[in-house]
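**Student:** Numbering (the numbering used here), first residue to last: 24 to 139. Where a beta carbon is used, it is the ideal one built from N, C-alpha and C, also for glycine.
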Amino acid sequence: MKLYRRAPQWLHDDKLFLEEYVAKVPGWLFDYTAARTMDLLRWQEEQKKEGSLLEIGVFAGRYFSILARSALRTGSRIVGLDTFQFVSSRSFTSSICASSLSSTRTSSFWRAPPPP
Ligand SMILES: C[S@@+](CC[C@H](N)C(=O)[O-])C[C@H]1O[C@@H](n2cnc3c(N)ncnc32)[C@H](O)[C@@H]1O
């Protein structure tokens, strides 16, 4: 997990995170869905309902970025899975790394075998 001397503002500011990061990642995610997911994750964090996170079908990481931000706040493990047929795993990781959301200790990305 990356340790910040001072928490970046986007770590706790949903609107800023949505505008500055999520909106720039290609993918399928409405702002409303993003906002409600952030609400749900915050509620889980407040209730101390922490655990590992998994997304199957991360594409370029748009939705994954929202899960990764919560994992960064809680120190939870997060796993992303995709066949990476439509976007390369390299562009996925560079997009996640660019936002400082990656954490070598708690994040991993797996390539699923393509469907037969
Ligand atoms: C609609 S996109 C997902 C959009 C993404 N969640 C986002 O935030 O933009 C569906 C993704 O599922 C992936 N996918 C399809 N079949 C899969 C499988 N069997 N295992 C893993 N990923 C798969 C595709 O490669 C594609 O990236």
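Can you give me the Cβ contacts of Ser173 inside the same chain, cut-off strictly under 6 Å, excluding the 5 residues immediately before and after it?
**Tutor:** No answer is possible for residue 173: the residues shown for the chain start at 24 and end at 139.
**Student:** Using 8 Å as the Cβ pair cut-off and three pairs as the minimum, do the segment 26-42 and the segment 57-64 touch?
**Tutor:** As far as the Cβ criterion goes, the segment 26-42 touches the segment 57-64, which means the pair count is three or higher.
**Student:** Count the CB pairs spanning the segment 48-56 and the segment 71-78 that are closer than 8 Å, and state whether there are at least three.
**Tutor:** With the cut-off at 8 Å, the segment 48-56 and the segment 71-78 do not touch.
**Student:** With ligand 1 as the reference, list in chain order each residue whose Cβ lies under 6 Å from any of its heavy atoms.
**Tutor:** So the residues near ligand 1 by this Cβ test are Gly50, Trp51, Leu52, Ile79, Gly80, Val81, Phe82, Arg85, Tyr86, Leu104, Asp105, Thr106, Gln108, Phe109, Ala135, Pro138.
**Student:** Which one or two residues does DSSP pair with Glu78 in a beta bridge?
**Tutor:** According to DSSP, Glu78 bridges with Gly103.
**Student:** By a C-beta neighbour count over all protein chains shown, 10 Å radius and 16 as the cutoff for buried, is Ala46 buried or exposed?
**Tutor:** Answer is exposed; the Cβ neighbour count stays below 16.
**Student:** Does the separation of the CB atoms of Val48 and Ser118 fall below 8 Å?
**Tutor:** Yes, Cβ-Cβ distance for Val48 and Ser118 is below 8 Å.
**Student:** Between Trp66 and Tyr44, what straight-line distance do the alpha-carbon atoms span, to the nearest angstrom?
**Tutor:** Roughly 22 Å between the two C-alpha positions.
**Student:** Would you kindly check if the distance between the Cβ of Ala83 and the Cβ of Phe115 is under 8 Å?
**Tutor:** The answer is yes: Cβ separation under 8 Å.
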